[in-house]
Each structure stands twice: as structure tokens, then as C-alpha cells.
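Report on the following structure.
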Ligand code: GLN
Ligand code: ZN
């Protein structure tokens with residue numbers, strides 16, 4: 097019998113230096129022709145396959161590559177093009193494909209939303225009024241390409257039918273079964289063609305199995321996979337789950353497939369428990385996701401090896417496969433270009449390529465190779481970092497311990513605070529404000545780039561920032577806003593800015609990860625105890641405040657968002673790391689207050705992103721998040737007004753936690769989900785300050801006064817006007833100057849009219 101084998105589930109698309117992004121953007125801008133574009137993409141794709149082959153991976157995924165998004169690919173494969181785009185039949189042309197993703201003059205793009213609980217965004221397929229058809233077989237194409245060009249016997253990856261339909265919209269959820277049944281014959285056709293084409297194994301991704309499902313849904317899995325088995329008895333189906341444990345373990349492992357892929361990293365230990373207590377079927381292969389596909393830390397070889405040993409005892413070596421916990425899409429490509437990472441840290445990191453090496457080391461070891469030296473080195477590196485000073489800052493640790501005896505917030509109740517704030521600020525009824533940033537024009541970005549390169553002195557750069565700030569303070573006066581902001585001209589990114597000033601963070605050079613389409617982010621690594629090294633925002637805020645009589649809000653990114661948009665260390669719990677960030681931010685909040693800033697906004701746009709996949713784990717997470725926020729903001733006096741801001745997700749089901757943040761004023765984005773958010777305020781009495789964004793900042797279009805009044809009216813039907821604030825949806829950094837001023841003038845005018853009405 098063959099020994100233990102190795103596999104990968106998906107490889108990053110973006111290339112070592114974001115070549116993928118560059119090619120896409122050059123193509124969209126008309127700088128390269130389609131031929132050259134496709135050639136570049138092919139080179140990238142083959143290079144990634146070649147690297148996996150060189151690494152020695154036995155099961156190399158194909159069709160994990162995409163020109164935009166794998167969910168969009170699946171929709172395009174079924175010819176699912178919404179009617180607003182022009183498309184007749186047959187393979188979806190490349191131009192239409194990109195229009196689906198990016199919109200065109202006459203049609204808005206498909207909606208984008210988060211892929212499970214990751215920071216990757218997929219395009220939501222629209223099923224309404226559509227008859228799916230198989231218009232191309234992408235997995236087959238990529239399988240053949242890998243075989244012909246590189247002699248690789250690839251493992252095609254496809255998104256499974258139930259996950260695909262569950263992630264789609266435009267159908268009655270009660271009809272899930274009927275809708276899935278429409279796709280089953282198409283899937284069978286794909287699978288059959290793959291089999292005919294010589295494919296041995298197909299990885300069918302059904303991550304929806306890691307979410308909370310109903311009995312009927314599990315029944316549906318049975319029906320669908322039984323049908324596959326019945327009609328395609330010779331094909332090996334590798335049913336892949338990831339991101340959490342599977343709730344219906346017994347049912348899942350009993351499905352008539354040949355291999356089951358389980359995540360042993362993000363499963364809270366439950367998948368292993370199931371195997372130990374309920375066994376694993378003797379006729380199946382277990383693909384064990386034991387290398388974390390979602391963070392950048394190296395594996396702990398000793399621990400992972402022990403876990404694998406346990407699995408091996410339960411399934412036997414010919415039936416065990418070692419692999420990452422999910423696609424490596426969620427981590428950067430390679431460490432080899434990172435020359436500036438301190439050795440102590442670098443030894444503890446593993447990006448995609450290094451993770452594959454880990455898979456190989458562990459597989460070889462299970463098959464009898466002697467890797468003692470490698471294991472020892474791994475152990476030493478981990479210990480060295482864990483014991484280092486940077487991870488054991490006595491002051492930070494003391495601060496954390498202290499929390500055990502304290503409530504996170506020391507403030508009085510909202511009523512008391514509200515009275516003090518009303519007295520202090522004398523704001524008009526329906527006060528107007530903005531979310532923080534003003535246009536980051538080319539000039540702003542250029543100045544920063546020149547300063548970073550050393551071509552501008554710090555004095556020159558700061559003078560420029562001040563001039564820009566002053567210009568916008570005057571503009572805010574002219575517009576007639578009530579509460580001002582300094583404009584955030586000194587910031588590149590809302591997490592990076594703080595990460596660079598706090599201790600315990602590291603920024604990589606090429607550590608990019610795809611966020612959506614060609615957009616990539618470079619999450620900082622939180623590798624040490626988070627220390628406060630002095631004021632981060634005081635100078636700019638105070639500068640702006642000194643220019644005007646109007647209150648200027650201090651602007652910070654909250655602990656939950658900083659945590660969720662970083663790669664956090666793993667040796668401490670989420671709660672501990674979030675609290676460390678919160679304690680550092682608390683000092684900044686206090687510094688702002690001491691400098692005379694009376695309103696401080698702590699943004700938490702990523703609060704919801706951290707929600708666990710399974711509802712039963714929500715409460716714990718929300719509790720931790722709310723505590724961290726309160727910790728950051730809870731030491732100021734009553735008169736100091738704490739604001740927060742959130743955007744681009746559904747808040748309906750976490751409204752109580754939003755309330756529990758206990759911010760004096762919250763601004764929430766609403767343009768994209770207006771109706772739904774309003775509904776939640778119908779059944780929930782919210783009584784602190786609240787501004788539901790009255791216009792969408794994602795379009796350069798200046799909104800008409802009438803529209804804004806309508807939006808306000810709608811909000812004021814469910815919210816008490818005396819608590820309502822008027823503001824745009826989100827920060828204005830992506831907008832141009834003139835349109836911003838014009839739009840805000842319309843907003844202020846609309847507010848004036850509303851004041852007369854209520
Ligand atoms: N204060 C930030 C800004 O205005 C908020 C950004 C965000 O919500 N994503 O840009
Ligand atoms: Zn926002």
C-alpha cells in the first residue's frame with residue numbers, strides 16, 4: 097500500500113510580486129492586448145504549478161487559478177450572466193466576465209461579499225430568472241494544460257453544488273433543494289468529462305459543511321452525492337471542507353465519496369474528537385488539513401506530528417493525506433523575498449511556499465524519513481521567539497493582569513454622559529459630520545511617497561499635511577458642518593498607520609494577499625506584545641482643532657479592526673491580543689483627551705468580520721470584541737464624546753453588541769443595505785447618538801437633495817430624531833475634491849430642511 101501522501105488545496109493567484117494584479121490592471125487600462133495578458137496569466141499559473149511539483153506535492157490542485165474570483169468562474173461556467181449585461185449564450189466572453197465583476201456604463205457589477213469568515217471577497221452569483229447551462233469546462237481545460245505543459249496529473253478543484261447555490265442569491269431559500277437539483281446534471285456533466293479526460297481525483301469544495309446547517313440540508317448532501325456516485329462510479333470524489341469542524345460528522349463521513357478533507361486547525365479540536373470517538377470509515381481516505389492555511393506562522397512540527405500520529409492510528413497510512421487546512425489563497429506567496437525581517441521572526445514564518453515544504457516534511461516523516469534536525473530547529477525557533485523580550489513585555493503583561501479585576505469601562509451611564517456632552521457642545525438638532533478621511537489626492541499620495549523615499553524632509557512633508565488640513569478645515573467651515581475632522585491626510589491605511597507606530601507589529605515587503613479582484617492587502621504581523629510608544633494622532637488633531645471653534649473629532653482605528661486585519665500571533669488568545677491593542681489605544685484616547693480633544697472616534701468597520709462561522713460561537717467572540725472596544729474607550733470623562741463607525745456588512749443580527757459598545761455616537765453605512773438595517777431598528781430601541789449614512793460615497797456622483805431627504809425620512813421613521821446625526825456612509829478618501837465639497841453642501845442643506853420639518 098502507498099504510504100502517506102501530500103496535497104495542496106489551492107495556491108495563491110497573485111504571483112510573488114503581484115504580477116497577476118499588474119497584468120489585470122494593465123489589461124483593463126488597455127495597456128496590453130488580450131493575447132499578452134493571457135500569456136502572462138498562463139506563465140504565472142504554470143510557474144505556481146511547477147513550484148508545487150518541485151516541492152514534491154502528490155496532489156496538486158488545478159482550476160484553483162482564476163482571472164478574478166473562483167465563485168465568479170463557477171457562475172460563468174454555468175452561463176449565469178444577469179440580464180442587465182448583454183450576453184446570449186456560449187462561453188462567457190472575457191470582456192463580459194470582467195464587466196460582471198466590475199460593472200459597466202449601464203450595469204452595476206455583481207455584489208461582492210466575504211468568503212466565509214476570511215478577508216477574501218467573492219462575487220455573489222445571481223440565479224433569478226436564469227437557466228444554468230454548462231457553457232465551458234474550465235477544470236478540464238486547466239487539467240489538460242497542466243498535463244500537457246508540465247506533465248502534472250492535477251487534481252481539479254470545483255466549488256460543490258450545495259455551497260455554490262447557498263452562496264448565490266436570487267432564489268427563495270425554501271427552494272434550495274429544487275435549485276440545487278437544477279445544477280446537479282450540469283455538475284455530472286463536468287465530472288463525467290473530467291473522468292473521460294483522464295482525471296482520477298476531483299476535489300469538490302463544500303465549505304458550507306463547516307457552517308450551521310439544517311437536517312434537510314444534510315439530507316440534500318446525501319441525495320446529491322449519492323447521485324454522483326451512482327452515475328459516476330469510477331470517479332474519485334474528494335469532498336473538501338474547511339474553516340471549521342463539520343457538525344454532522346457521521347453523515348458527512350458516510351457520504352459516498354472516496355476522500356474527505358477536514359480542517360484540523362480551525363475546528364476547535366472537534367474534528368479530531370469525532371474521529372477518536374466515532375471512528376473514520378475504512379473505505380475512505382482522510383485528507384487532513386493540519387497546516388494552517390490562514391496565517392503566516394510556521395507549524396509546530398512536534399505538535400502537528402503528534403496530531404498526525406493520532407490520525408494515522410485511526411485511518412492507516414495508505415489512507416492518510418497531509419495538506420494545508422484550506423487553500424493557500426489566504427497567505428502571501430513566499431518568504432524568500434523578505435530580506436528585512438529580523439531572523440528571530442523570519443524563522444517562525446511560513447508563507448504559501450514554506451507551508452508546502454512543511455506538508456512535505458511531515459509527510460516524509462510519517463513515511464519514515466529522519467527529520468530530527470529539522471524538528472529540532474523548528475522547536476528551537478519557536479521557543480526562542482516565545483521567550484524573547486518582545487513577547488514578554490512586563491508592563492504590557494501587568495496591564496493585562498490588571499484587567500481581571502476591573503470592568504472594561506469606567507464611564508457613567510449614557511444618560512449622565514449625554515447630559516454632560518449636551519452641555520459641553522451645544523450641537524444643533526440633527527448635527528452634521530463626516531466619517532474621517534477627506535480626498536487622498538494624487539498630490540497627497542505623491543508627497544507621502546517622496547517623503548518615504550527621503551526626497552522630502554519630514555518638515556516639508558508635515559508642512560504639506562498641515563496645509564492640506566487647514567484647507568479642509570476652511571472647507572468644512574464653508575460647507576457648514578457641525579463636527580469637523582482633520583482629514584487623515586497623514587495616513588496611508590487605517591491599520592498600517594497605527595501598526596507602524598505601535599510596538600509588536602512587523603510589516604512585510606511583499607506579504608500581499610488577495611482581498612477581491614486585483615485588490616491585494618498586506619496585513620501586518622502582530623508578533624510581539626503590543627506597546628504604546630507615544631502619541632500617534634495627537635499632533636495632527638490638535639493642529640486642526642486649533643484652527644477652528646468647531647469640535648474636531650480625534651480619529652483612531654479600533655482594537656477589533658486592527659486585530660481582524662492583521663496576522664495575529666498564536667501563542668496568546670484572541671482576547672489577550674485584542675486587549676493588548678485596546679490598552680495601547682486607551683493611552684492614545686487619553687492623550688487626545690488630555691490635549692483638549694473632546695470627541696474621539698474609534699472606527700470598527702471590521703467588527704463583524706471576525707464572527708465565527710457557527711452561530712453558537714458568536715456570543716463569545718462578540719463579548720471579547722465589545723470588551724476590547726470598551727477598554728480602549730472607557731477611561732475618559734463623561735463629557736468626552738466617544739464615536740464609532742462601521743461599514744459594509746450586515747448589522748441586523750449583532751445590533752445588541754453594537755449597542756453594548758456603549759459609544760456615545762455611532763455612524764453606520766447604510767446605502768448598500770438600507771431597507772434591512774432600518775427593519776432592525778423597528779424592533780430594537782436604540783437610544784444613543786446614531787447616524788445612518790445618508791449617501792453612498794462609492795460613487796463620484798453628487799447626490800440630489802431629494803434623495804438625501806428621503807433617506808433621512810426613512811431613518812427617522814424608526815429612530816428618534818433627537819438622537820440622529822447626519823453624515824455620509826464612510827470616509828471620503830477615494831473621492832475627488834470638488835465632488836466631495838458639492839455632495840457635503842447638499843447634505844448640509846438637506847439637514848437644514850430636515851431641522852425645520854421635525
Ligand atoms: N475614519 C476612516 C475614514 O474615514 C474610516 C474608514 C472605514 O470605515 N473603512 O476613512
Ligand atoms: Zn466606513
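Numbering (this note's numbering), first residue to last: 97 to 854.
Quick reminder that beta carbons are idealized off the backbone N, C-alpha and C, glycines included.
The structure presented is a predicted model; accordingly, all values stated were derived computationally and were not measured.
(request) Indicate whether the contact test is met: 3 or more Cβ pairs, each with one atom in the stretch 462-472 and one in the stretch 114-129, closer than 8 Å. (result) no
(message) One question on the structure: do residue 614 and residue 262 come within less than 8 Å of each other, judged by their Cβ atoms?
(response) Within the chain shown, residue 614 is the residue found at index 518, counting from 1. Within the chain shown, residue 262 is the residue found at index 166, counting from 1. Not closer than 8 Å, so no.
(request) Report the residue from 451, 517, 414, 416 whose alpha carbon sits nearest the alpha carbon of residue 432. (result) Numbered from 1 along the chain shown, position 336 holds the residue referred to as residue 432. Answer by Cα proximity: 451.
(message) With distance defined between alpha-carbon atoms, name the residue in 605, 475, 389 nearest to residue 398.
(response) Working through the chain shown from its first residue, we reach residue 398 at position 302. Comparing Cα positions, the closest option is 475.
(message) Out of 710, 264, 603, 728, which one is the CA nearest neighbour of residue 681?
(response) Translated into positions along the chain shown, residue 681 becomes position 585. Comparing Cα positions, the closest option is 728.
(message) I need the boundaries of the beta strand (DSSP E) containing residue 652, first residue and last residue.
(response) Taking the chain shown and counting its residues from 1, one reaches residue 652 at position 556. That run of the beta strand (DSSP E) goes 648-653.
(request) Have a look at residue 441 and residue 623 and give me their C-alpha separation to the nearest angstrom. (result) For this step, residue 441 is matched to residue 345 along the chain shown. For this step, residue 623 is matched to residue 527 along the chain shown. If you draw a straight line from the Cα of residue 441 to the Cα of residue 623, it is about 8 Å long.
(request) Grab the span of the beta strand (DSSP E) containing residue 218 for me, first residue to last. (result) Numbered from 1 along the chain shown, position 122 holds the residue referred to as residue 218. Unbroken beta strand (DSSP E) run through residue 218: 217-219.
(request) Consider the C-beta atom of residue 533 and the heavy atoms of ligand 1; say whether any pair is separated by less than 7 Å. (result) Position 437 of the chain shown, counting from 1, holds the residue named residue 533. Answer for residue 533: yes, Cβ within range of ligand 1.
(request) With DSSP as the reference, label residue 342 as helix, strand or coil. (result) The residue labelled residue 342 in the question sits at position 246 within the chain shown. Per DSSP, reduced to three states, the secondary structure at residue 342 is coil, with no helix or strand assignment.
(message) My output table needs one value for residue 205: the three-state DSSP class, helix, strand or coil.
(response) Translated into positions along the chain shown, residue 205 becomes position 109. Coil.
(request) For the stretch 764-790, list the beta strand (DSSP E) runs that are entirely contained and at least 3 residues long, ordered along the chain. (result) Runs of the beta strand (DSSP E) spanning 3 or more residues and lying entirely within the stretch 764-790 occur at 785-788, in chain order.
(request) Give every residue of the same chain whose Cβ lies closer than 7 Å to the Cβ of residue 513, excluding the five residues on either side of it in the sequence, and list them in chain order. (result) Start at 1 with the first residue of the chain shown, and residue 513 comes out as number 417. Answer for residue 513: 507, 734, 760, listed in chain order.
(message) Rounded to the nearest angstrom, what separates residue 795 and residue 831 at their Cα positions?
(response) The residue labelled residue 795 in the question sits at position 699 within the chain shown. The residue labelled residue 831 in the question sits at position 735 within the chain shown. Rounded to whole angstroms, residue 795 to residue 831 spans 8 Å at the Cα level.
(message) Let's test the definition: count the other Cβ atoms within 10 Å of the Cβ of residue 741 and tell me whether it reaches 16, buried, or not, exposed.
(response) The residue labelled residue 741 in the question sits at position 645 within the chain shown. Flag for residue 741 reads buried.
(message) Which complete alpha helix (DSSP H) runs does the stretch 785-842 hold, if anything under 4 residues is left out?
(response) Within the stretch 785-842, the complete alpha helix (DSSP H) runs of at least 4 residues fall at 801-814.
(message) According to DSSP, simplified to helix, strand and coil, what is residue 750?
(response) What you label residue 750 is simply residue 654 of the chain shown in a count that begins at 1. Residue state, collapsed to three classes: helix.
(message) ligand 1 and residue 829: does the residue's C-beta get closer than 7 Å to at least one heavy atom of that ligand?
(response) Walking along the chain shown from the start, residue 829 turns up at place 733. In this structure, residue 829 has its beta carbon less than 7 Å from a heavy atom of ligand 1.
(request) Let me know if residue 165 comes out buried or exposed under the rule of 16 or more other beta-carbons within 10 Å of its beta-carbon. (result) Counting from one through the chain shown, the residue named residue 165 turns up at place 69. By the neighbour-count criterion, in which a residue is buried when 16 or more other Cβ atoms sit within 10 angstroms of its Cβ, residue 165 is buried.
(request) Count the CB pairs spanning the stretch 550-565 and the stretch 809-824 that are closer than 8 Å, and state whether there are at least three. (result) Too few Cβ pairs lie closer than 8 Å, so no.
(message) Mapping the DSSP letters down to three states, classify residue 554 as helix, strand or coil.
(response) In the chain shown, residue 554 corresponds to position 458, counting from 1. Helix, per DSSP.
(request) Mind checking which residues open and close the beta strand (DSSP E) that includes residue 164? (result) Walking along the chain shown from the start, residue 164 turns up at place 68. Here residue 164 belongs to no beta strand (DSSP E), and DSSP marks it neither H nor E.
(message) Does the stretch 134-146 come into contact with the stretch 408-418, if we say contact requires no fewer than three beta-carbon pairs (one atom in each stretch) closer than 8 Å?
(response) no
(message) Between which two residues does the beta strand (DSSP E) holding residue 154 run?
(response) Within the chain shown, the letter at position 58 stands for residue 154. That residue, residue 154, is in no beta strand (DSSP E); it is neither H nor E in DSSP.
(message) Cutting at 6 Å between CB atoms, please list the residues of its own chain near residue 477, excluding the five before and the five after it.
(response) Translated into positions along the chain shown, residue 477 becomes position 381. Cβ neighbours of residue 477 beyond the five flanking positions: 443, 444.
(request) Select from 388, 392, 189 the residue whose C-alpha is nearest the C-alpha of residue 400. (result) Numbered from its first residue, the chain shown carries residue 400 at position 304. Checked all of 388, 392, 189; the closest Cα to residue 400 is 388.
(request) List the whole-angstrom C-beta distance separating residue 362 from residue 611, where the pair is believed to meet the contact cut-off of C-beta under 8 Å. (result) On the chain shown, residue 362 is found 266 positions in, with the first residue counted as 1. On the chain shown, residue 611 is found 515 positions in, with the first residue counted as 1. Wrong, their Cβ atoms sit about 20 Å apart, outside the cutoff.
(message) According to DSSP, simplified to helix, strand and coil, what is residue 689?
(response) Counting from one through the chain shown, the residue named residue 689 turns up at place 593. Helix at residue 689.
(request) Determine contact between the stretch 161-178 and the stretch 242-252, defined as no fewer than three beta-carbon pairs at a distance below 8 Å. (result) no
(message) My output table needs one value for residue 332: the three-state DSSP class, helix, strand or coil.
(response) Looking up residue 332 in the chain shown gives position 236. Residue state, collapsed to three classes: strand.
(request) Taking residue 373 as part of the beta strand (DSSP E), name the residues at either end of that continuous run. (result) In the chain shown, residue 373 corresponds to position 277, counting from 1. Note, residue 373: premise wrong, no beta strand (DSSP E); alpha helix (DSSP H) at 366-374.
(request) Return yes when the Cβ of residue 777 is within less than 8 Å of the Cβ of residue 815, no when it is not. (result) Here residue 815 refers to the residue found at position 719 when the chain shown is read from its first residue. Here residue 777 refers to the residue found at position 681 when the chain shown is read from its first residue. It is a contact, given that the beta carbons lie within the stated cut-off.
(request) Compute the beta-carbon to beta-carbon distance between residue 224 and residue 267, rounded to the nearest angstrom, for a pair I have assumed lies under 8 Å. (result) Within the chain shown, the letter at position 128 stands for residue 224. Within the chain shown, the letter at position 171 stands for residue 267. 7 Å between Cβ atoms; contact.
(message) Please report the distance separating the alpha-carbon of residue 834 from that of residue 538.
(response) By 1-based counting over the chain shown, the position of residue 834 is 738. By 1-based counting over the chain shown, the position of residue 538 is 442. Distance between the alpha carbons of residue 834 and residue 538: 14 Å.
(message) With distance defined between alpha-carbon atoms, name the residue in 331, 310, 421 nearest to residue 365.
(response) What you label residue 365 is simply residue 269 of the chain shown in a count that begins at 1. Just measuring C-alpha positions, the residue of 331, 310, 421 sitting nearest residue 365 is 421.
(message) Considering just the uninterrupted stretch of the alpha helix (DSSP H) at residue 759, what are its terminal residues?
(response) Residue mapping note: residue 759 aligns to position 663 of the chain shown, counting from 1. No alpha helix (DSSP H) holds residue 759; DSSP gives it neither H nor E.
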